[in-house]
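Colleague: Dropping the structure in here first, questions after.
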Amino acid sequence: MSDYRNDVEELEAKSATAARLFDIRRIIGGLFVVYGIIVTIAGITASDADLKKAQDININLWTGLGMLALGLFFLIWLKLRPTVPPTPPAPPASPNSPNSSASSASPASPASPASPAE
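Quick note: the sequence shown, position 69, residue 68 per numbering that gives the first Met the number 0, numbers continuous.
Put into structure tokens, the structure is as follows:
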């Protein structure tokens, strides 16, 4: 029985680690940062012909900076509020445990104050 419990605890620990590793905020934030860097570099190296096509607005630069900001927002959010691993359910109390006899007894009703006889 002890080996089974150890195996379960080990799997729960691995599951919590996998949940933190594959948090969607990490994936989205990382992708936005990588693509934001690429698009920002494309915006910095834009030629005059590229700018004239976009009515003299460096759209790659602005889009890249926006993607970087969004990606950093997701990664900071992940750092400030990490995912909490789920807590395992409490094991049911066995009928032979010392606490089970106290909990199975009927609760004592509070004594009502005796009304004074008039």
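Using N, Cα and C, we set each Cβ at its ideal position, and we do this for glycine too. Here the structure is a predicted model, which is why all the values come from computation and not from measurement.
G28 and L79 - do their beta-carbons sit closer together than 8 Å?
Modeller: The sequence position of residue 79 within the sequence shown is 80, counting from 1. The sequence position of residue 28 within the sequence shown is 29, counting from 1. Contact: no.
Colleague: Fully enclosed by the region 34-97, which alpha helix (DSSP H) runs are 4 residues long or longer?
Modeller: With a minimum length of 4 residues, the continuous alpha helix (DSSP H) runs that stay inside the region 34-97 are 47-52 and 58-79.
Colleague: Just to confirm my understanding: we take D22, look at its own chain, exclude 5 residues before and 5 after, and list those with CB closer than 7 Å. What are they?
Modeller: Numbered from its first residue, the sequence shown carries residue 22 at position 23. Only L77 and T82 meet the Cβ criterion.
Colleague: Could you check how far apart the C-beta atoms of F31 and L64 are, in whole angstroms? I think they sit under 8 Å.
Modeller: In the sequence shown, counting from the first residue as 1, residue 31 sits at position 32. In the sequence shown, counting from the first residue as 1, residue 64 sits at position 65. F31 to L64, Cβ: 11 Å. No contact.
Colleague: Would you report the Cα separation of T39 and L50, rounded to the nearest angstrom?
Modeller: Along the sequence shown, read from residue 1 onward, the residue named residue 39 stands at position 40. Along the sequence shown, read from residue 1 onward, the residue named residue 50 stands at position 51. Whole-angstrom Cα-Cα distance: 14 Å.
Colleague: For I36 and L67, which I take to be in contact (beta-carbon distance under 8 Å), what is that distance rounded to the nearest angstrom?
Modeller: The residue you call residue 36 lines up with position 37 of the sequence shown. The residue you call residue 67 lines up with position 68 of the sequence shown. So it is a contact: roughly 7 Å between Cβ atoms.
Colleague: Looking only at C-alpha atoms, which of R24, E9, I58 and A48 sits nearest to L71?
Modeller: Residue 71 sits at position 72 when you count from the first residue of the sequence shown. When only C-alpha atoms are compared, the closest one is R24.
Colleague: If we call anything under 8 Å between Cβ atoms a contact, is A48 one with N57?
Modeller: Along the sequence shown, one-based indexing puts residue 48 at 49. Along the sequence shown, one-based indexing puts residue 57 at 58. No, these two residues do not count as a Cβ contact at 8 Å.
Colleague: Can you determine whether any heavy atom of the ligand MG sits closer than 7 Å to the C-beta of M66, and answer yes or no?
Modeller: Within the structure as shown, the ligand MG is missing, as the structure has no ligands at all.
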